[in-house]
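In what follows, a single structure is set out as structure tokens and then discussed.
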Amino acid sequence: MFPNLFTQSTPDKCPQAYIAREERVYAIGDIHGRQDLLEAMLAKISDDIARFSDDRRPRVVFLGDYIDRGDDSRAVLQTLSGIFHIADRLKSETNLQIDFLVGNHEVALLEFLKNPITSSAWLDWGGLQTLASFGVSPTTANAGARDFQRVRDQLAEKLEPYMGFLEGLPRTVVSGKVVFVHASLDPACSLDAQPDEATLWGTPPSGRAMGMPGMRMVHGHFAASKPVSRPNRICVDTGAYYSGCLTAIRLDESEAFLSVTSADLSPISGLRQSGGGSAFTV
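Next comes the structure, spelled out in structure tokens:
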């Protein structure tokens, strides 16, 4: 009905690093407060999952940076935390596994809540937009200590329903020979000893090229106009908050990028009603 609603392209296969044979994995790039694009992507993935009747178990990995910069961080947290709290039921009742990774923006927010004075730089990284989405009066990084504390206290109260989701998100998950991470990996460190400089910020302390020998890395963080597919890594951050394009990748025996754009949003509700039920509800 809507032939131009979504764009999809198929990059080359990576013969040396596949996901687990029993899984079909969808990895979603940086959302950054774009609730409209998130809803569209969840609908797209739900429809895509329904197309398959093989034995692969569907798995969805969110790569972090859910908040900041875009205008609707609160709604994004409502949606994702809602899915987070029913994830166990989804897995047991529908066989859908869902993983949420932490991004540097979630960590920056949590640090601001701990110490709003020393961590006030978060406000200039898109935190002001997050404050606005929660109805908290903004401040600036040049404000006084009392104002930072006032903002922290008001925001902490608003965030209380979402702290169970935000706290304790992992840095990495693995499927077969593919590792999923927000930003990058330091090849000088083992997978279970990765430094935050690499996983959250994309700057491996060793100075070596990011990645993990023998594995393929799927990540976000480094926004570009198009997703990147290379033998050692895939990047699905297409700058949703400014480009109006949110990208994911489907990995099974092959790969396919799935994207939704702002220009395509108007008929989304009609498409959702005409399709099947969402894979992200029970």
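Per the numbering used here, the very first residue in the sequence shown carries number 7; after that it's consecutive.
Glycine included, every Cβ here is placed at the ideal spot set by N, Cα and C.
These numbers come from a predicted model, not from an experiment.
Excluding sequence positions up to five before and after phenylalanine 154, its CB lies within less than 6 Å of the CB of Pro122, Ile123 and Ser126, all in the same chain and listed in chain order.
Serine 139 sits in a helix when the DSSP states are folded into three classes. For proline 211, same chain residues with a beta-carbon under 8 Å away, outside a window of 5 residues either side, are Asp192, Ala194, Pro201, Glu203 and Ala204 in chain order.
Under the three-state reduction of DSSP output, isoleucine 55 falls in the helix class. Serine 87 and arginine 152 have their alpha carbons spaced roughly 31 Å apart.
For cysteine 241, DSSP records a beta bridge to His225 and Val234. Within a 10 Å sphere around the beta-carbon of asparagine 110 sit 16 or more other beta-carbons, which makes this residue buried.
In this structure tyrosine 247 is not in contact with histidine 91, their Cβ atoms being roughly 25 Å apart against a cut-off of 8 Å.
Per DSSP, reduced to three states, the secondary structure at serine 265 is strand. Taken in chain order, the whole alpha helix (DSSP H) runs of length 4 or more contained in the segment 145 to 198 are 151 to 165 and 169 to 172. It is roughly 5 Å from the alpha-carbon of aspartate 243 to the alpha-carbon of glycine 226.
Per DSSP, reduced to three states, the secondary structure at tyrosine 247 is helical.
Straight across, the Cα-Cα distance linking phenylalanine 118 with serine 139 is about 17 Å. Fully enclosed alpha helix (DSSP H) runs of no fewer than 4 residues occupy 79 to 91 and 93 to 100 of the segment 73 to 117, in order along the chain. In this structure, DSSP gives threonine 253 an extended state, which the three-state scheme calls strand. Under the Cβ criterion (8 Å, minimum of three pairs), the segment 93 to 103 does not count as touching the segment 215 to 234.
Comparing C-alpha distances from arginine 30 to each of Leu271, Ala262, Thr287 and Asp270 shows the shortest one belongs to Ala262. Exposure of arginine 236 is indicated by the presence of fewer than 16 other C-beta atoms within 10 angstroms of its C-beta.
Between the alpha carbons of phenylalanine 186 and alanine 149 lies a distance of about 38 Å. Taking valine 157 as reference, the option from Tyr168, Phe171 and Gly141 with the minimal CA-CA separation is Gly141. Of all alpha-carbon atoms in Pro144, Asp78 and Tyr32, the one lying nearest the alpha-carbon of arginine 62 is that of Tyr32. Rounded to whole angstroms, the separation of the alpha carbons of leucine 175 and proline 167 is 15 Å. Closest by C-alpha distance to alanine 230, out of Pro219, Val224, Cys251 and Glu112, is Cys251.
The C-alpha of glutamine 135 is placed about 8 Å away from the C-alpha of serine 79. Here alanine 46 carries a helix assignment [DSSP, helix/strand/coil]. For alanine 204, the enclosing alpha helix (DSSP H) begins and ends at 202 to 205.
The C-alpha of alanine 81 is placed about 6 Å away from the C-alpha of glutamine 41.
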